[in-house]
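In this text, residue positions in the sequence shown follow this note's numbering: the first is 19, and each later residue adds one.
Quick reminder that beta carbons are idealized off the backbone N, C-alpha and C, glycines included.
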Amino acid sequence: MWGKIEHYFDEYPVRKQIAKTLLKYGLKVSEDMKIKAGDIEVPYTKIAKALDVDRRVVKETVAMILKVPELKEIYTNLEPTVHMKYVGRHVGYGVIEIEPEPRAIGILAKIAQKIAERDINIVQVVAEDPELYPEATLTIITEKPIPGDLINELSKLEGVKRISIY
Numbered sequence: 019m020w021g022k023i024e025h026y027f028d029e030y031p032v033r034k035q036i037a038k039t040l041l042k043y044g045l046k047v048s049e050d051m052k053i054k055a056g057d058i059e060v061p062y063t064k065i066a067k068a069l070d071v072d073r074r075v076v077k078e079t080v081a082m083i084l085k086v087p088e089l090k091e092i093y094t095n096l097e098p099t100v101h102m103k104y105v106g107r108h109v110g111y112g113v114i115e116i117e118p119e120p121r122a123i124g125i126l127a128k129i130a131q132k133i134a135e136r137d138i139n140i141v142q143v144v145a146e147d148p149e150l151y152p153e154a155t156l157t158i159i160t161e162k163p164i165p166g167d168l169i170n171e172l173s174k175l176e177g178v179k180r181i182s183i184y
C-alpha cells in the first residue's frame, strides 16, 4: 500500500517519515485533526519525540492527509492490530515466522494448506508489507505448537527462505 501513496510526500521527506509511521502502526487521522490509536488520542508531541521531528510538522502532515482525498480515505480508516508474535507461546500457541523469497506468490496458501492437513487451526496471520518493512515476514500463530517434522516440510516449500520458531 505504501508504494501507492508515498509519492504524495516526495517533496516533504519529514512528512513522508511521519505518514509512513502512522501507516505502520495503524494510527488513524480523525476529521478533527487528531491522531488516534483506536479511540485513544496520541498527542503530536509524542509522535514528534519518537521520530525526532518538530511537532508542527506532525500537525502539517495531518492537515495534508485530510486535504488529499486518497490519503484521507486511507488514514481515517486505519486501526491498530494486536500482534501475538511474542506472546503466543505464553498462552500455548505455536508461533512461526517465515521470511519468503522476495515477491514469492502463494506462499501463505501453501503453508496454510500444510498446516490444515495436520488439523492445526490458524489463529492469526500477519503479513508485513515489503514496502514498509525491508525484511518483510509472514507470521503465523496456531492454536498449538507446530511439530518439528512439519517445520522441516514447510522449510522445503518453494518461496520459503527462512523459518523461525518463537
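Give me the residue from Arg180, Glu59, Ile23, Lys42 with the minimum Cα distance to valine 100.
Of the candidates Arg180, Glu59, Ile23, Lys42, the one whose C-alpha sits nearest the C-alpha of valine 100 is Lys42.
Could you have a look at lysine 54 and say whether DSSP puts it in helix, strand or coil?
Three-state DSSP puts lysine 54 in a strand.
When DSSP labels each residue in this structure, what does alanine 127 get in the three-state scheme?
Alanine 127 falls in the helix class under three-state DSSP.
Keeping to the same chain, check which residues put their C-beta closer than 6 Å to that of glutamate 97; ignore five residues upstream and five downstream.
Correct list, in chain order: Gly44.
Quick one: grab the DSSP three-state call for arginine 180.
Correct three-state label for arginine 180: strand.
Got a sec: is the Cβ-Cβ distance from glutamate 146 to anything in chain B below 8 Å?
Absent from the structure: chain B. Only one protein chain is present.
Does valine 32 come out as helix, strand or coil in the three-state DSSP assignment?
In this structure, valine 32 counts as helix in the three-state DSSP scheme.
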